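Since the structure comes first, as structure tokens, the remarks are kept for the end.
Chains as they are written, first to last, in our numbering: chain X, 1 to 213; chain P, 1001 to 1401.
Here it is as structure tokens:
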């Protein structure tokens, strides 16, 4: 990360991290430890100062930004701590929004998939404005949006941190369950021990290193 | 192909009052510009319409402008009289299709009673009346379209031009009878009551111009009294110029009303140019303010845009959403501004036309679309700048705010 004194200061060094397709990985660490940066690098939003980030045959770190964007669009579903839905749009329109990134309107199949996802997640599709939903419901809509194209990689940054325990547990269940159902590789940064405990792999950021707890 | 419209629409819906207020600012700025153009055009057309039919006006030596005001706009402010001999000589000139003296003096409830000849009423036989027929005998009258007197009604003239001066000090019981009504002309003459000039002379004790033959109307007259103005319709253009130069002498002045009007209209056009320049300059300022507000708003939403980029939206999608939002506000503003401008123009036209009894009808015209269309185009192009800037921001930085 940028540093005034030294120019650049290493935030996190990851000597090696191999993940089989379909695995689930939880990353734990204090605030500012670099969890979000690591997720951004794995999602192709940011690039590492040095090294390789390969998903299958694709070396993300070597791709220019537009190519990383295109790769992310095709392969990654993202869930954020604060949901980041488009307020003023219905729940269904929010789920279908990624369909409009490349086309003028969502196909009938996509609409059906979105309705099924919302149904599976227990949120009504005809809520006129997502701002009217509870926090737990909004995160479930965000989860449906991330899963619309059944991405092979699902990345969630503190998905339960701004929810109460009950809503957090529901969202955690759905996240892990749906990742398993769709066969997606799931990466979660979280403080939520209950959620982390349900993932196959767990790593913790201590100092500048990624270690097994 | 992408479709960022739902995102733009949601943003507009989230802040309906701000969006409406920004659009209203644009609408007011456009409306002002449109109104200035529409009013100027209406005044120009109204003035040209008012002088139509008044090819050449001859009066006593004096100000041509005053002569035109008195005859065309019926504003006789102490006009000197053209001598009776000159009137008689003018009426007998060759190359005249028709000519008529215009004599003032009386009024009825604020409506000026104007003495003319039958030729003036029918413009030499070219005009037909809306109702009834031209006067054929002394003390018959033809009323303008805006005079509240029905055909067949009788009325008593009062002296002078003000309604306060009426009946008590009027002439001996002499009533006029309305025999006809003129169609609307959209100028001061709509409020006038036309009567035979002989009746005006007679009421004022000046005889009736025919040396005792009291029932005949129209020229030639025998030793007629002086008149404020004579309207002449020459046969051709050559006659018009000949008469104009012939009657520009020590005893009379002759003008084409249009030549008095043209410098006025040119000055009006200059003022229009200036005011329109100011109006569109104001529009540019409003546009700048609107874009500043929108840019601040986009910047405040940079994290929302970064999230869209993170979940896969290309930069063009973000730029498109921002641009569509600005374009919707601009488009709504310009679309509302046009009718608003026309409405403002109608209101301002009534005010502008009122003092001269001109009908200033600020009607919509295609040319009104030009400036707003150009302004819209410039605005849409300008909106691309903040929009593209939003699309080019670094996702990682904005995502962390």
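Cβ coordinates follow ideal geometry from the N, Cα and C atoms, glycine included.
Since we're looking at a predicted model, the values are computed, not measured.
Nearest-angstrom Cβ-Cβ length linking residue i and residue j, presumed shorter than 8 Å
| i | j | result |
| --- | --- | --- |
| residue 145(X) | residue 97(X) | 7 Å |
| residue 1195(P) | residue 1135(P) | 7 Å |
| residue 1321(P) | residue 1007(P) | 4 Å |
| residue 1372(P) | residue 1337(P) | 6 Å |
| residue 1042(P) | residue 1238(P) | Contact doesn't hold; Cβ gap of about 34 Å is too wide. |
| residue 123(X) | residue 91(X) | 6 Å |
| residue 1103(P) | residue 1222(P) | About 17 Å separates the two Cβ atoms, so there is no contact after all. |
| residue 176(X) | residue 24(X) | 7 Å |
| residue 1111(P) | residue 1192(P) | 7 Å |
| residue 1030(P) | residue 1333(P) | 6 Å |
| residue 1265(P) | residue 1044(P) | 6 Å |
| residue 163(X) | residue 143(X) | Residue 163(X) to residue 143(X), Cβ: 12 Å. No contact. |
| residue 1220(P) | residue 1070(P) | In fact, because the Cβ distance is near 24 Å, the residues do not count as touching under 8 Å. |
| residue 1032(P) | residue 1279(P) | 5 Å |
| residue 1145(P) | residue 1181(P) | 7 Å |
| residue 1013(P) | residue 88(X) | 5 Å |
Proximal residues of chain B, C-beta to C-beta of residue i below 8 Å
| i | result |
| --- | --- |
| residue 1302(P) | The structure shown contains no chain B; its protein chains are X and P. |
Same chain, Cβ closer than 6 Å to residue i, neighbours up to 5 away in sequence not counted
| i | result |
| --- | --- |
| residue 1326(P) | 1294 and 1383 |
| residue 1164(P) | Confidence at residue 1164(P) is low in this model, with a pLDDT of 44, below 50, so its placement is unreliable and the value that follows should be read with caution. Nothing meets the Cβ criterion. |
| residue 106(X) | 96 and 99 |
| residue 183(X) | 22 |
| residue 1072(P) | 1050, 1051, 1054 and 1257 |
Below-8 Å beta-carbon distance, residue i vs any chain X residue
| i | result |
| --- | --- |
| residue 1266(P) | no |
| residue 1310(P) | yes |
| residue 1021(P) | no |
| residue 1328(P) | no |
| residue 1003(P) | yes |
| residue 1007(P) | yes |
| residue 1011(P) | yes |
| residue 1041(P) | no |
| residue 1014(P) | yes |
| residue 1030(P) | no |
| residue 1334(P) | no |
| residue 1034(P) | no |
| residue 1051(P) | no |
| residue 1286(P) | no |
| residue 1262(P) | no |
| residue 1307(P) | yes |
Close Cβ partners of residue i (< 8 Å) along its chain, the five nearest in sequence each way excluded
| i | result |
| --- | --- |
| residue 1150(P) | 1178 |
| residue 191(X) | 28, 158 and 161 |
| residue 1307(P) | 1399 |
| residue 213(X) | 28, 202, 203 and 204 |
| residue 1025(P) | 1286, 1289, 1290 and 1333 |
| residue 128(X) | 90 |
CB contact below 8 Å: residue i versus chain P
| i | result |
| --- | --- |
| residue 182(X) | no |
| residue 119(X) | no |
| residue 105(X) | yes |
| residue 205(X) | no |
Same chain, Cβ closer than 7 Å to residue i, five either side skipped, listed in chain order
| i | result |
| --- | --- |
| residue 1206(P) | 1225 |
| residue 94(X) | 85, 86, 130, 141 and 145 |
| residue 986(P) | This structure cannot speak to residue 986(P), because chain P is shown only from 1001 to 1401. |
| residue 1004(P) | 1317, 1320, 1321 and 1324 |
Any non-hydrogen atom of the ligand GTP closer than 7 Å to residue i Cβ
| i | result |
| --- | --- |
| residue 72(X) | You won't find the ligand GTP in this model; it holds no ligand whatsoever. |
| query | Any residues in the segment 1373-1400 of chain P with a beta carbon nearer than 8 Å to a beta carbon of chain X? Which ones, in chain order? | reply | 1395, 1396, 1399 and 1400
| Closer than 8 Å, Cβ to any Cβ of chain P: which residues of the segment 80-101 of chain X, in chain order? | Within the segment 80-101 of chain X, the qualifying residues are 80, 84, 86, 87, 88, 89, 93, 97, 98, 100 and 101.
| Listed from N- to C-terminal order along the chain, which residues in the segment 12-42 of chain X have their beta-carbon within a distance smaller than 8 Å of any beta-carbon of chain P? | 36 and 40
| said: Quick check on the DSSP output: what are the complete alpha helix (DSSP H) runs of length 4 or more inside the segment 107-192 of chain X, in order along the chain? | reply: 108-121, 135-147 and 165-182
| Positions along the segment 1313-1326 of chain P whose CB lies within less than 9 Å of some CB in chain X | Result list: 1313, 1314, 1315 and 1317.
| task | At 4 residues or longer, and completely inside the segment 1102-1157 of chain P: list those alpha helix (DSSP H) runs for me, N to C. | result | 1118-1121
| request: At 4 residues or longer, and completely inside the segment 15-93 of chain X: list those alpha helix (DSSP H) runs for me, N to C. | output: 35-43 and 65-75
| task | Closer than 7 Å, Cβ to Cβ, to anything on chain P: give me those residues from the segment 62-82 of chain X, in chain order. | result | 69, 72, 73, 78 and 80
| request: Give the residues from the segment 140-169 of chain X that approach chain P closer than 8 Å (Cβ to any Cβ), ordered along the chain. | output: 145 and 146
| field | Length at least 3, wholly inside the segment 1236-1268 of chain P: the beta strand (DSSP E) runs in chain order | value | DSSP runs (the beta strand (DSSP E)) wholly in the segment 1236-1268 of chain P: 1253-1255.
| request: Quick one: which residues of the segment 45-56 of chain X get their C-beta closer than 8 Å to a C-beta of chain P? List them in chain order. | output: 45 and 46
| Considering only residues of the segment 1187-1218 of chain P, which uninterrupted alpha helix (DSSP H) runs meet the minimum length of 4 residues and lie entirely inside it, listed in chain order? | 1197-1203
| message | Going residue by residue through the segment 1268-1308 of chain P, where are the continuous alpha helix (DSSP H) segments of at least 4 residues, counting only ones entirely within it? | response | Here no run is fully enclosed.
| task | Report the residue ranges of all alpha helix (DSSP H) runs contained in full by the segment 1034-1075 of chain P; include only those spanning at least 4 residues, in chain order. | result | 1064-1071
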